[in-house]
């Protein structure tokens, strides 16, 4: 009994809450934006699809599709803003569109823009939702009008008795329904109708706003794939940072301690004349020296310290120890993210090692540039005998896999007789990455 | 010999201080970063400096940058760079202003106290001291003149590059001084270094060997 009363109280009080007012405002604004968005998108989408299906209009149709996808993303952003403002519901924005590099690549990226297509889906599905939203606003408006009837009656219907006038018409929030009121008492029925209408409208608004929120979260938020891309970017950057930390810890910890040990052993050797003791100290020192060399090799494999100075210095160091003359041309205006730097460095190291081992070249060139926005391009070429086959050599295949973990690309040109040129393209930072 | 030490690891800093004191050298200052190193050199005008490369705040090449500044502003101060790693890029930066009064050693080398201290003394008196590892890396670099050297001559030149004197080379290779001199003369010949007054052929040969610019043109 108590619970029924509480529920009834909540139902009746709902129209007086701030939340109801905001939801109604959202319904009104969201519905306008929704209907406008629907027509904007559908009226461009349909001809775009029709034109691109025809033989002559493919290009124009595809360009129109690009416009549709662009528009849908913008409308999605507007809807997210309205939703946040109206209901406090925060739908996270999907990853921003990543433009491709060439004109064709740009078009291709646009057309495959999953977030854009989902936003188109939202714009289409929004139409029925917008109709219901409008209806909720309408019901509340009519209800409020109905509630004013006793007042209207008293102010405007106080004619002398016997005057022949038409009845007052109370409105229903449904098509075709109305109620003719002939007496002051009758207006109380209109009030009742109004109250029910307002309460129904408010709850309808609440329901449809929840539906809209779900829809927006499903179609306007980050999708599963972009969420995976984002977490992958974080994982890759975290892994790179962890490796740097391990190297730093080795450098500041074990390596320093071992260097101190070898120094102390050296001082002990310096002070003792006993040949047996000297022999033992010598053996200990040889062991420490080997341990230091091992650690150095391991640390370099984890993260070459010179990379902290940037790719140009690191590649210079790499090329300087090449037995075949190797020239480095580095045009790195902006620094890529640490993970990308590490991958680029190890790619260069591997490609250089390949060239030294297999090419019999006289000159190796390592070029690295960031002239194209968002892209780090590494090219290792040699004037050797060519014939490198990525499908046979596991080295190139492994590199390609490594590069693909960050959506990079590896391209090999190596005709028999040479020259060989391997180009690696990496994004400057990873898609969806917060770094 | 008056020495300034820059090393961010306290154990090594204190160890080095003690090691040098044991050998009768005076450590004027032992500091932990590049800025402090420059300040100490300004204040004490030491004979030699021992500088770690990787120091705070950025932990990249602080010490090397300080070393370059010291070589530029205080050419009389010998600079021994001291690191866990050998980077060829760092070697060439260090040698860009010539091969005198400079050294680059792995931290491991401090284990041999006698050689370490004599390397420092050599650097302080205007010589060079390069780690065998530095030399080994540079040895892989191609140079037609160098390619014509016999293995023995390469060995001799490598030891010269480390900064050893003729008798030092002779002792290391168990040769007579005369044999070493003959090898060196042959190296000069193959590298096209004619004897002429004023040119230090030894330094030129080593520079050529280290690939630090076109030494013969200087």
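Residue numbers (my numbering), protein chains in the order written: chain C, 24 to 458; chain B, 848 to 1065. All C-beta atoms, glycine included, are put in the ideal place defined by N, C-alpha and C.
Span separating the alpha-carbon of residue 865 of chain B from that of residue 964 of chain B: In the second chain, the residue the question calls residue 865 of chain B occupies position 18. In the second chain, the residue the question calls residue 964 of chain B occupies position 117. Rounded to the nearest angstrom, the two C-alpha atoms are 12 Å apart.
Can you pull the chain C residues whose beta carbon is under 8 Å from the beta carbon of residue 901 of chain B, in chain order? For the purposes of this step, residue 901 of chain B is taken as the residue at position 54 of the second chain. By Cβ distance, chain C contributes 274 and 328.
Spell out whether any CB of chain C is found under 8 Å from the CB atom of residue 958 of chain B. Locating residue 958 of chain B in the second chain gives position 111, counting from the first residue. At least one chain C Cβ lies under 8 Å of residue 958 of chain B.
Could you tell me the alpha carbon to alpha carbon distance between residue 1044 of chain B and residue 362 of chain C, rounded to whole angstroms? Working through the second chain from its first residue, we reach residue 1044 of chain B at position 197. Working through the first chain from its first residue, we reach residue 362 of chain C at position 339. Confidence at residue 1044 of chain B is low in this model, with a pLDDT of 43, below 50, so the placement of that residue should be treated as unreliable; the coordinate-derived value is given next. Between residue 1044 of chain B and residue 362 of chain C, the C-alpha separation is close to 54 Å.
Under the DSSP definition of a beta bridge, which residues are partnered with residue 873 of chain B? Counted from its first residue, the second chain places residue 873 of chain B at position 26. Answer by DSSP bridge pairing, in chain order: B:849.
Just how far apart, CA to CA, sit residue 1011 of chain B and residue 976 of chain B? Locating residue 1011 of chain B in the second chain gives position 164, counting from the first residue. Locating residue 976 of chain B in the second chain gives position 129, counting from the first residue. Distance between the alpha carbons of residue 1011 of chain B and residue 976 of chain B is about 8 Å.
By the DSSP assignment, the alpha helix (DSSP H) with residue 412 of chain C in it spans what residues? Translated into positions along the first chain, residue 412 of chain C becomes position 389. Premise fails: residue 412 of chain C is in no alpha helix (DSSP H) and is neither H nor E.
Under the three-state reduction of DSSP, which class applies to residue 428 of chain C: helix, strand or coil? Mapped onto the first chain, residue 428 of chain C falls at position 405. Three-state result, residue 428 of chain C: coil.
Coarse secondary structure for residue 831 of chain B, derived from DSSP in three states: Nothing about residue 831 of chain B can be read from this structure; chain B reaches only from 848 to 1065.
Check for me: the beta strand (DSSP E) holding residue 402 of chain C runs from which residue to which? As a first step, residue 402 of chain C must be located in the first chain, where it is residue number 379. For residue 402 of chain C, the uninterrupted beta strand (DSSP E) segment begins and ends at 398-405.
So, with DSSP's three-state summary, where would you put residue 907 of chain B? Here residue 907 of chain B refers to the residue found at position 60 when the second chain is read from its first residue. Coil at residue 907 of chain B, not helix or strand.
Chain C residues whose Cβ lies nearer than 9 Å to that of residue 906 of chain B: As a first step, residue 906 of chain B must be located in the second chain, where it is residue number 59. Those are 271, 274, 275, 328 and 331, listed as they occur along chain C.
Distance between residue 233 of chain C and residue 57 of chain C (C-alpha atoms, nearest Å): In the first chain, residue 57 of chain C corresponds to position 34, counting from 1. In the first chain, residue 233 of chain C corresponds to position 210, counting from 1. Whole-angstrom Cα-Cα distance: 15 Å.
Against residue 1068 of chain B, what residues of chain C qualify as contacts under a CB-to-CB distance less than 8 Å, listed in chain order? No answer is possible for residue 1068 of chain B: the residues shown for chain B start at 848 and end at 1065.
Considering Cα atoms alone, identify which of C:448, C:209 and C:409 is closest to residue 441 of chain C. The residue labelled residue 441 of chain C in the question sits at position 418 within the first chain. Comparing Cα positions, the closest option is C:409.
Contacts of residue 858 of chain B in chain C (Cβ-Cβ under 8 Å): Indexing the second chain from 1 puts residue 858 of chain B at position 11. Neighbours of residue 858 of chain B on chain C, chain order: 279, 280 and 283.
Contact the region 81-96 of chain C vs the region 49-67 of chain C: 3+ CB pairs below 8 Å: yes
Is the beta carbon of residue 110 of chain C sitting closer than 8 Å to the one on residue 25 of chain C? The residue labelled residue 110 of chain C in the question sits at position 87 within the first chain. The residue labelled residue 25 of chain C in the question sits at position 2 within the first chain. Against a cut-off of 8 Å, the Cβ pair of residue 25 of chain C and residue 110 of chain C comes out as no contact.
How is the beta strand (DSSP E) around residue 900 of chain B delimited, first residue to last? As a position in the second chain, residue 900 of chain B is number 53, starting the count at 1. Taken as a continuous stretch (DSSP letters only), residue 900 of chain B belongs to no beta strand (DSSP E), as it is neither H nor E.
Taking its Cβ as the centre, do 16 or more other Cβ atoms sit within 10 Å of residue 954 of chain B, making it buried, or is it exposed? For the purposes of this step, residue 954 of chain B is taken as residue 107 along the second chain, with counting starting at 1. Counting Cβ neighbours within 10 Å, residue 954 of chain B comes out buried, since at least 16 surround it.
CB-CB length for residue 245 of chain C against residue 117 of chain C, believed under 8 Å: If you number the first chain from 1, residue 245 of chain C lands on position 222. If you number the first chain from 1, residue 117 of chain C lands on position 94. That pair is a contact at about 4 Å.
Distance cutoff 8 Å, beta carbons only. Does residue 951 of chain B sit that close to anything in chain A? The structure shown contains no chain A; its protein chains are C and B.
Residue 451 of chain C to residue 131 of chain C, Cα distance in whole Å? By 1-based counting over the first chain, the position of residue 451 of chain C is 428. By 1-based counting over the first chain, the position of residue 131 of chain C is 108. So the two alpha carbons sit approximately 20 Å from each other.
In whole angstroms, what is the alpha-carbon distance linking residue 1032 of chain B and residue 394 of chain C? Walking along the second chain from the start, residue 1032 of chain B turns up at place 185. Walking along the first chain from the start, residue 394 of chain C turns up at place 371. So the two alpha carbons sit approximately 50 Å from each other.
Can you name the start and end residues of the alpha helix (DSSP H) that residue 930 of chain B belongs to? Sequence index remark: in the second chain, residue 930 of chain B carries index 83 (1-based). Element bounds for residue 930 of chain B: not the alpha helix (DSSP H) but the beta strand (DSSP E), 925-930.
For the region 874-891 of chain B, list every residue whose C-beta sits within 9 Å of some C-beta in chain C, in sequence order. none
For residue 205 of chain C, is the classification buried or exposed, using 16 other Cβ atoms within 10 angstroms of its Cβ as the cut-off for buried? To locate residue 205 of chain C, count along the first chain from 1; it is residue 182. Residue 205 of chain C comes out exposed.
Whole-angstrom Cβ separation of residue 421 of chain C and residue 448 of chain C, contact assumed at under 8 Å? The residue given as residue 421 of chain C occupies position 398 in the first chain. The residue given as residue 448 of chain C occupies position 425 in the first chain. Their Cβ separation, rounded to whole angstroms, is 17 Å, which puts residue 421 of chain C and residue 448 of chain C out of contact at 8 Å.
Helix, strand or coil: which one does DSSP assign to residue 137 of chain C? Counting from one through the first chain, the residue named residue 137 of chain C turns up at place 114. In this structure, residue 137 of chain C counts as helix in the three-state DSSP scheme.
Separation of residue 915 of chain B from residue 858 of chain B, as counted between CA atoms: Your numbering for residue 858 of chain B matches position 11 in the second chain. Your numbering for residue 915 of chain B matches position 68 in the second chain. C-alpha separation (whole angstroms): 25 Å.
From residue 854 of chain B to residue 907 of chain B, what does the alpha carbon distance come to, in whole angstroms? Stepping through the second chain from its first residue, residue 854 of chain B is reached at position 7. Stepping through the second chain from its first residue, residue 907 of chain B is reached at position 60. Approximately 13 Å between the Cα atoms of the pair.
Can you give me the C-alpha to C-alpha distance between residue 265 of chain C and residue 368 of chain C, rounded to a whole angstrom? Along the first chain, one-based indexing puts residue 265 of chain C at 242. Along the first chain, one-based indexing puts residue 368 of chain C at 345. So the two alpha carbons sit approximately 17 Å from each other.
Interface residues of the region 343-374 of chain C facing chain B [CB-CB below 9 Å]: 343, 344, 345, 346, 347 and 348
Pull up the distance between the alpha-carbon of residue 275 of chain C and that of residue 867 of chain B, whole angstroms please. As a working note, residue 275 of chain C is residue 252 in the first chain. As a working note, residue 867 of chain B is residue 20 in the second chain. One C-alpha to the other measures close to 23 Å.
Which same chain residues end up closer than 6 Å to residue 217 of chain C when comparing Cβ atoms and leaving out the 5 residues on each side of it in sequence? To locate residue 217 of chain C, count along the first chain from 1; it is residue 194. Around residue 217 of chain C: 166, 169 and 170.
Residue 1019 of chain B versus chain C: which residues are under 7 Å apart at the beta carbon? Numbered from 1 along the second chain, position 172 holds the residue referred to as residue 1019 of chain B. None at all; the shortest Cβ gap to chain C is about 18 Å.
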